[in-house]
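Peer 1: One structure follows; several queries about it will come next.
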Amino acid sequence: MGETRALQPQAGPEGLDLQALYRDSNVAAALEALDRELVGLAPVKTRVREIAALLLVEKLRRSVGLEAGPPSLHMSFTGNPGTGKTTVALRMAEILHALGYSRKGHLVAVTRDDLVGQYIGHTAPKTKEVLKRAMGGVLFIDEAYYLYRPENERDYGQEAIEILLQVMENQREDLVVILAGYRDRMGRFFASNPGMASRIAHHIDFPDYSESELYAIAELMLAGMQYRLSAGAQAALREYIGLRRAQPHFANARSIRNALDRARLRQAKRLFERRGAPLTREALMTIEAEDVRASRVFAARTEENQP
Amino acid sequence: MRITQGTFSFLPDLTDAQIRAQIEYCLGRGWAVSVEYTDDPHPRNAYWEMYGMPMFDLKDAAGVMAEVDACRKTFPDHYVKVNAFDATLGWESLRLSFIVNRPKKEPGFGLLREEGAGRTQRYSVRAYATERPEGERYT
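In structure tokens:
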């Protein structure tokens, strides 16, 4: 009897208000930013919302004395390049900070080079320094599978992994680790490091963007840079995306950004060559079809079509 | 004799929570925090041993606290202090420094008198602890 009473939440007469907690924390703003800035990625957004809900409920539970220990927050983001892993990690850091699971909410992004040393005894201080910098925030390890190199048995990556595991286990309230990389390689990395796999609670998979999503991303980027596409350029860009996607080394949103940067370059060149002619604000903002169509991607197609 | 030194020399020893709060303050100001240790308590001993490198670009005190704890564990019977270095132009010096660990027993100092030319008397102090070689004091 006494036990059951102890488990009752010590709620005030007004009960527990999840809505108020949600409103008062800045989680709503972070989740909205995630929706606004990232096109598509429905499964990722769902998972982030689930995690946010879990943390919110956990916080409420803790406020009424229901202890379940700090939840494990280490995550793994897998997906092809340019699918928004780093951006989501940034938002994740904000969400964790808003909910009080991360004291400072900053993101430290590193790769193998920042963690692994070049000679014996170099790795531990290097890894520890990075960990100290990331304390109170989120450590984002990009292309984490490079840490483990089975082909070289004297590789120092293993040492970095061991230090990382120790901190991930013992200082869970100080640091959240997010590992990111390609899906298949991360799978192999986890298979060969079961200790790492078991300490990661949330695996989030980032799908590739569809053509219409990539186009929406392009529009979002252009709006951010105060450019716009003429009607002809819109059609050209849609065509470009379709062609570029089929080519090797396609890096989703990153490829789109690069394409837009090159289109801006060509637009500037076009305007510069016609200098002397009157120029309007409109012309400075508009990217024409020829700016897009001058891309190498279209050239490759015409070559293919030739006998 | 309890040695006092640095910013909070007039206060009793800080608790870990207080040390953490001080470090938070330093990091908030953008100062680089470092940990040093020694077993020579002489007030003129300005050159303590560094425990690791000074820590730049830290955001949270947890990293420094881990370092302080590691130093205390390695040198439980040494003096350990935390320094905060301000690198901004015009300061470029220590802004804060305080002791975070001390030996359990501090025997204090003996006064040495030296006879100089023409019956002049010169005085100096010597820590009883330093009569033994480095590393074996306070054990």
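For the record, the sequence lines run as chains P and U. By the working numbering, the letter at position 257 of the first sequence is numbered 257, and the numbering carries on one by one without gaps. By the working numbering, the letter at position 61 of the second sequence is numbered 1061, and the numbering carries on one by one without gaps. Glycine is no exception: its CB is placed at the ideal position from the N, C-alpha and C atoms.
Measuring CB atoms only, is the segment 69 to 76 of chain P touching the segment 178 to 185 of chain P, in the sense that at least three cross pairs come out at less than 8 Å?
Peer 2: Counting Cβ pairs under 8 Å, three or more are found: they touch.
Peer 1: Taking just the CA atoms, how far does P:E282 sit from P:R274?
Peer 2: Residue mapping note: residue 274 of chain P aligns to position 274 of the first sequence, counting from 1. Residue mapping note: residue 282 of chain P aligns to position 282 of the first sequence, counting from 1. One C-alpha to the other measures close to 15 Å.
Peer 1: May I ask you to report which of helix, strand or coil DSSP gives U:D1143?
Peer 2: Here chain U has residues from 1001 to 1139 only, and residue 1143 of chain U is not among them.
Peer 1: Report buried or exposed for P:V64, applying the criterion of at least 16 other Cβ atoms within 10 angstroms of its Cβ.
Peer 2: Mapped onto the first sequence, residue 64 of chain P falls at position 64. By the 10 Å Cβ count, P:V64 comes out exposed.
Peer 1: Pick out whichever of U:K1081, U:E1115, U:I1003 has its Cα sitting closest to the Cα of U:Y1051.
Peer 2: Along the second sequence, read from residue 1 onward, the residue named residue 1051 of chain U stands at position 51. Among U:K1081, U:E1115, U:I1003, the Cα nearest to that of U:Y1051 belongs to U:K1081.
Peer 1: For P:L16, would you say it is in contact with chain U, using Cβ-to-Cβ distances shorter than 8 Å as the test?
Peer 2: On the first sequence, residue 16 of chain P is found 16 positions in, with the first residue counted as 1. Not an interface residue.
Peer 1: Using a C-beta to C-beta distance shorter than 9 Å, which residues of chain U count as neighbours of P:M221?
Peer 2: Residue mapping note: residue 221 of chain P aligns to position 221 of the first sequence, counting from 1. The premise fails here: P:M221 is roughly 30 Å from chain U at the closest Cβ pair, so nothing lies under 9 Å.
Peer 1: Near P:K45, which residues of its chain fall below 8 Å by C-beta distance, leaving aside the five closest residues on each side in sequence?
Peer 2: To locate residue 45 of chain P, count along the first sequence from 1; it is residue 45. So the qualifying residues of the chain are L34, D35, L38.
Peer 1: Starting from the C-beta of P:T111, find all residues in its chain whose C-beta is less than 8 Å away, skip the five residues before and the five after it, and write them out in chain order.
Peer 2: Within the first sequence, the letter at position 111 stands for residue 111 of chain P. Around P:T111: I141, D142, E143, Y146.
Peer 1: Which residues in chain U sit within 9 Å of P:G137, going by Cβ to Cβ distance?
Peer 2: The sequence position of residue 137 of chain P within the first sequence is 137, counting from 1. Here the neighbours are K1059, D1060.
Peer 1: Note down, in chain order, all residues in the segment 89 to 114 of chain P with a beta-carbon under 8 Å from any beta-carbon belonging to chain U.
Peer 2: For the segment 89 to 114 of chain P, which is checked against every Cβ of chain U, the residues closer than 8 Å are R103, K104, H106.
Peer 1: Whole angstroms are fine: how far does the CA of P:L16 sit from the CA of P:Q8?
Peer 2: Numbered from 1 along the first sequence, position 8 holds the residue referred to as residue 8 of chain P. Numbered from 1 along the first sequence, position 16 holds the residue referred to as residue 16 of chain P. With a pLDDT of only 45 at P:Q8, under 50, the local geometry of the prediction cannot be trusted, and the value read off the model is given with reservation. Straight-line Cα distance between these residues: approximately 12 Å.
Peer 1: In whole angstroms, what is the alpha-carbon distance linking U:F1085 and U:P1054?
Peer 2: One-based indexing of the second sequence puts residue 1085 of chain U at position 85. One-based indexing of the second sequence puts residue 1054 of chain U at position 54. The alpha-carbon atoms of U:F1085 and U:P1054 are separated by roughly 9 Å.
Peer 1: Taking 7 Å as the cut-off, is the C-beta of P:A263 nearer than that to any heavy atom in the ligand MG?
Peer 2: With respect to the ligand MG, the structure shown offers nothing to examine, as it has no ligands at all.
Peer 1: Do you know whose CA, among U:W1031, U:T1139, U:S1097, U:S1093, lies nearest U:D1057's CA?
Peer 2: Taking the first residue of the second sequence as position 1, residue 1057 of chain U is located at position 57. Cα-wise, what sits closest to U:D1057 is U:W1031.
Peer 1: Which first and last residues belong to the alpha helix (DSSP H) in which P:Q390 is found?
Peer 2: Here chain P covers residues 1 to 307 and nothing more, so residue 390 of chain P does not appear.
Peer 1: If the cut is a Cβ gap below 8 Å, which residues of chain P does U:M1050 touch?
Peer 2: As a position in the second sequence, residue 1050 of chain U is number 50, starting the count at 1. Correct list: empty, because the minimum Cβ distance to chain P is about 13 Å.
Peer 1: Throw me the rounded Cβ distance for the P:A134 and P:L175 pair, which I believe falls under 8 Å.
Peer 2: Position 134 of the first sequence holds residue 134 of chain P. Position 175 of the first sequence holds residue 175 of chain P. Confirmed, about 6 Å.
Peer 1: Would the segment 252 to 264 of chain P count as touching the segment 201 to 218 of chain P if we require 3 or more Cβ pairs under 8 Å?
Peer 2: Short answer: they touch.
Peer 1: DSSP three-state call for U:A1084: helix, strand or coil?
Peer 2: For the purposes of this step, residue 1084 of chain U is taken as the residue at position 84 of the second sequence. Strand at U:A1084.
Peer 1: Using DSSP bridges, identify the partner residues of P:A109.
Peer 2: Within the first sequence, numbered from 1, the residue matching residue 109 of chain P stands at position 109. DSSP output for P:A109 lists P:F140 as bridge partner(s).
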